[in-house]
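The structure under discussion appears below in the form of structure tokens.
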Amino acid sequence: MSLPIHQARTVNRGDRLFRGVLVVFGLLVLAVAAVILDELGQVARPSVARYGLGFLTGTQWDPIQQRFGALPFVFGTVVSSAIAVLLAVPLGLGVAFFLSELAPRWLRDPVSFLVELLAAIPSVVYGLWGIFVLVPLIRALEMKIVASGLGFLPIFSGAPYGIGMLSAGVILAIMIVPTVAAVSREVFRAVPGSQREAALALGATRWEAMKVVFDYGRAGIVGAVVLGWGRALGETMAVNMVIGNQPVISLSLFSPAHTMASVIASEFNEAVVPMHVSALAEIGLVLFGVTFLLSAVARILVIRVERKARGRSAATGVIGA
Amino acid sequence: MMEPGCVAARSTQLGLSERQVERSVRRRRWQDRVMQALMVLSVLVVVTPLFSLLIYVGQSGIRGLSLDFFTHLPKPVGVPGGGMANAIVGSTILVALASVVGVPVGVMGGIFLARSHGRLADAVRFVAQVLNGVPSIVVGLAVYGLLVLPMKTYSAWAGGIALGMLMIPLVTLNTEEMVRLVPRDLNEAALALGIPAWLATLRVVVRTALPGILTGIMLAVARVAGETAPLLFTALNNAFWHQGLSNPIASLPVTIYTYAVSPYEEWHQQAWTGALVLVGMVLGTNILSRILGRSRYDRR
Chain A
1 MSLPIHQART VNRGDRLFRG VLVVFGLLVL AVAAVILDEL GQVARPSVAR YGLGFLTGTQ
61 WDPIQQRFGA LPFVFGTVVS SAIAVLLAVP LGLGVAFFLS ELAPRWLRDP VSFLVELLAA
121 IPSVVYGLWG IFVLVPLIRA LEMKIVASGL GFLPIFSGAP YGIGMLSAGV ILAIMIVPTV
181 AAVSREVFRA VPGSQREAAL ALGATRWEAM KVVFDYGRAG IVGAVVLGWG RALGETMAVN
241 MVIGNQPVIS LSLFSPAHTM ASVIASEFNE AVVPMHVSAL AEIGLVLFGV TFLLSAVARI
301 LVIRVERKAR GRSAATGVIG A
Chain B
1 MMEPGCVAAR STQLGLSERQ VERSVRRRRW QDRVMQALMV LSVLVVVTPL FSLLIYVGQS
61 GIRGLSLDFF THLPKPVGVP GGGMANAIVG STILVALASV VGVPVGVMGG IFLARSHGRL
121 ADAVRFVAQV LNGVPSIVVG LAVYGLLVLP MKTYSAWAGG IALGMLMIPL VTLNTEEMVR
181 LVPRDLNEAA LALGIPAWLA TLRVVVRTAL PGILTGIMLA VARVAGETAP LLFTALNNAF
241 WHQGLSNPIA SLPVTIYTYA VSPYEEWHQQ AWTGALVLVG MVLGTNILSR ILGRSRYDRR
């Protein structure tokens with residue numbers, strides 16, 4: 001009795017063993033995620049049990065009285081990352097458009113290399129640069145705003161320290177631009193060349209053709225933004241070094257603040273009360289959950305554009321650009 | 001671009017006067033130029049901080065650069081001299097530990113992804129991508145619960161394992177991509193010669209992809225070598241030479257952080273010099289891996 005070739009091959013013992021080993025390593029990757037979730041959950045359990053949902057809405061953070069409310073950190077995280085997204089998205093899209101549609105070949109590689117270097121620089125070095133270069137610049141800017149008489153606006157109230165929400169937002173923007181630019185460029189690349197060519201053939205200008213590309217890849221662009229936002233939420237060291245580290249909720253951009261990641265970095269080692277440790281771990285758990293969700297959503301959106309492009313080009317027989 | 005003949009054709013089509021069409025074309029062309037200029041501007045705005053950072057780190061860091069920096073222990077405030085030798089050695093040890101954890105799992109996980117279809121592979125890929133977006137400080141917290149609490153001490157082990165966990169998704173995703181870039185013909189040729197599939201995968205496909213896989217490993221190493229947050233409560237820090245892997249250990253990023261936020265001028269200087277060394281290492285690795293990674297199967 002002879003088996004067909006492909007069946008015969010699956011009988012090979014070496015192959016089966018190899019397959020088994022690979023599956024084990026695949027499962028290990030899943031295990032890493034499970035371990036992270038499980039350990040965070042365990043350390044955070046006392047705090048979750050004691051404060052429940054009120055943990056996220058409480059505004060008091062008092063380790064001595066053991067009152068733990070994370071709202072100031074949630075607020076700081078949301079606002080600083082929102083500033084970052086507002087600044088980084090137009091810039092990142094501009095860079096991505098430049099790289100995918102405008103730049104001549106000889107310029108494309110060096111520019112994208114430079115932008116990638118921006119992503120490779122460690123957070124702590126950004127923080128160092130932030131303390132000694134960016135913060136003085138921001139302080140000068142803040143003084144100018146105050147001097148110009150706009151200080152009566154709530155968002156410009158308070159003393160122009162330089163450290164605070166604005167500095168954190170700006171440094172975060174610098175740090176997430178590469179993510180936004182790289183992912184949107186990936187998305188633009190996935191848009192079939194026929195889309196651009198069709199627009200240009202109808203008499204569109206380059207910019208109008210780009211708008212067509214943008215429309216086609218809109219889901220993916222949203223994905224890029226969400227991914228950048230997720231990065232901004234979890235960025236720790238640089239923010240910690242320039243945000244002022246105070247659990248205050250203030251409308252002012254000049255005000256010192258704190259984020260979820262930065263409070264963990266600055267308080268974890270000094271936490272002596274077990275509940276304090278647990279509360280910080282609960283913040284970590286929330287951060288894990290939120291960033292996990294955001295990055296899942298972002299991935300799905302980007303994949304959708306790529307799939308759409310692949311399906312379309314397969315259907316029309318055009319190979320994507 | 002609108003040709004004159006085109007303008008005439010369009011004006012008759014739309015029932016507009018030639019002047020109206022010309023005006024609209026001029027407006028659109030102008031808008032086009034403005035938008036293109038804004039894109040070039042955004043590139044300039046984005047690379048400016050990079051140059052500023054490199055210039056400051058270079059200028060301020062080079063002042064403290066000396067042989068002592070690489071060979072001496074830190075001195076207390078007020079005592080001149082001293083270096084970060086312990087932190088440089090510590091970082092090397094931590095990164096080596098991380099590689100022991102991250103490289104095998106990452107590479108094998110990547111081969112698994114490249115060689116399988118189906119739900120498990122999809123799940124692994126998805127989780128790896130998502131892990132990539134999880135803040136590193138969260139991984140540090142988890143390892144605190146996993147190792148520091150049971151061992152009752154901060155240790156090089158904990159720091160190394162935290163960094164290793166951060167390497168896993170990076171190496172996995174890159175390895176998958178590199179293995180997938182290998183032309184199928186190579187695999188089929190190997191199978192046609194009668195060797196078993198697992199040998200064809202390892203000795204032909206993976207070997208062909210090896211330069212790319214190694215590049216990815218180098219980049220992952222460079223990335224975790226600069227990580228600070230996960231080390232804060234796993235490896236902690238140490239002002240002296242390390243005393244075994246079960247004890248706290250110094251690292252370059254944590255030392256830079258400690259010095260940068262201190263109030264002392266000399267320590268700020270040391271922080272800049274440390275940053276210069278760290279940035280030099282990280283960017284050097286990036287550039288080197290670029291050059292090495294320019295293989296036959298480079299994308300586009």
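Protein chains in written order, with our numbering: chain A, 1 to 321; chain B, 1 to 300. Where a beta carbon is used, it is the ideal one built from N, C-alpha and C, also for glycine.
Against PHE288 (chain A), the close residues of chain B are VAL134 and VAL138, in the order they occur along the chain (beta-carbon pairs closer than 7 Å).
Rounded to whole angstroms, the gap between the alpha carbons of THR258 (chain B) and ILE88 (chain B) is 15 Å. Around the beta-carbon of GLY78 (chain B), fewer than 16 other beta-carbon atoms lie within 10 Å, marking it exposed. In this chain, ARG63 (chain B) is not harboured by any alpha helix (DSSP H), its DSSP state being neither H nor E. PHE268, ASN269, ALA281, GLY284, LEU287, PHE288, THR291 and PHE292: these are the residues of the stretch 266-293 of chain A whose beta carbon lies less than 7 Å from some beta carbon of chain B, given in chain order. A direct Cα-to-Cα measurement between SER262 (chain A) and LEU141 (chain A) gives close to 24 Å. DSSP places TYR216 (chain A) inside the alpha helix (DSSP H), whose first and last residues are 206-216. Short of 6 Å from the beta carbon of GLY158 (chain A), and not among the five residues preceding or following it, lie these beta carbons of its own chain, in chain order: SER252, PHE254 and SER255. The DSSP-derived three-state label of ALA70 (chain A) is coil. Residue pairing for ALA257 (chain A): DSSP places it in a beta bridge opposite A:GLY244. PHE25 (chain A) and ILE111 (chain B) have their C-alpha atoms some 9 Å from each other. Under the three-pair Cβ rule at 8 Å, the stretch 203-211 of chain A does not count as touching the stretch 68-85 of chain B. The C-alpha of ALA182 (chain A) is placed about 29 Å away from the C-alpha of GLY274 (chain B).
Each residue's CA atom was taken as its position, placing ALA168 (chain A) and ALA200 (chain B) some 51 Å apart. Counting of Cβ neighbours within 10 angstroms places GLY20 (chain A) among the exposed residues, the total staying below 16.
DSSP places TRP241 (chain B) in the coil class of the three-state scheme, outside both helix and strand.
Following the DSSP letters along the chain, one finds GLN60 (chain A) in no alpha helix (DSSP H), marked with neither H nor E. One finds THR228, ALA229 and TYR257 in chain B with Cβ atoms closer than 7 Å to the Cβ of MET237 (chain A), taken in chain order.
In the structure shown, ALA265 (chain A) adopts helical secondary structure according to DSSP, grouped into three states.
At a cut-off of 7 Å between beta-carbon atoms, GLN42 (chain A) makes contact with chain B.
Annotated three-state conformation of THR234 (chain B) is coil, per DSSP. Counting only runs of 4+ residues, no alpha helix (DSSP H) is found wholly inside the stretch 256-281 of chain B.
Near chain A, meaning a CB-to-CB distance below 8 Å, the residues of the stretch 150-175 of chain B are MET165, ILE168, PRO169 and THR172. The count of Cβ pairs closer than 8 Å, one atom from the stretch 39-50 of chain B and one from the stretch 79-98 of chain A, reaches three, so the stretches are in contact. Contact between ILE249 (chain B) and ALA235 (chain B) holds: CB atoms are separated by about 5 Å, below the 8 Å threshold.
When C-beta atoms of the stretch 37-46 of chain A are compared with those of the stretch 277-294 of chain A, three or more pairs fall below 8 Å, so the two segments count as touching. With the criterion set as a beta carbon lying under 9 Å from some beta carbon of chain B, the members of the stretch 126-138 of chain A are TYR126, GLY127, LEU128, TRP129, ILE131, PHE132, VAL133 and LEU134, in sequence order. Proximity to VAL277 (chain B) across B:GLY64, B:ALA220, B:TRP30 and B:SER17 peaks at B:GLY64, based on C-alpha coordinates. Spatial neighbours of GLU227 (chain B) in its own chain (CB-CB distance under 7 Å, excluding positions within 5 residues in sequence) are listed in chain order as SER136, LEU163, LEU166 and PRO253.
Among the CB atoms of chain A, none fall inside 7 Å of the CB of ALA239 (chain B).
In this structure, THR77 (chain A) places its C-beta atom within 7 Å of the C-beta atom of LEU233 (chain A).
Listed along chain A is no residue with a C-beta nearer than 7 Å to that of VAL79 (chain B); the closest approach is about 22 Å. In this structure, ALA219 (chain A) lies near VAL305 (chain A), with their beta-carbon atoms less than 7 Å apart. Inter-residue distance for LEU53 (chain B) and GLY149 (chain A) is about 32 Å (C-alpha atoms, whole angstroms).
Distance between LEU97 (chain B) and LEU38 (chain B), taken at the CA atoms: about 46 Å. In the displayed model, TYR161 (chain A) falls within coil according to three-state DSSP, outside both helix and strand.
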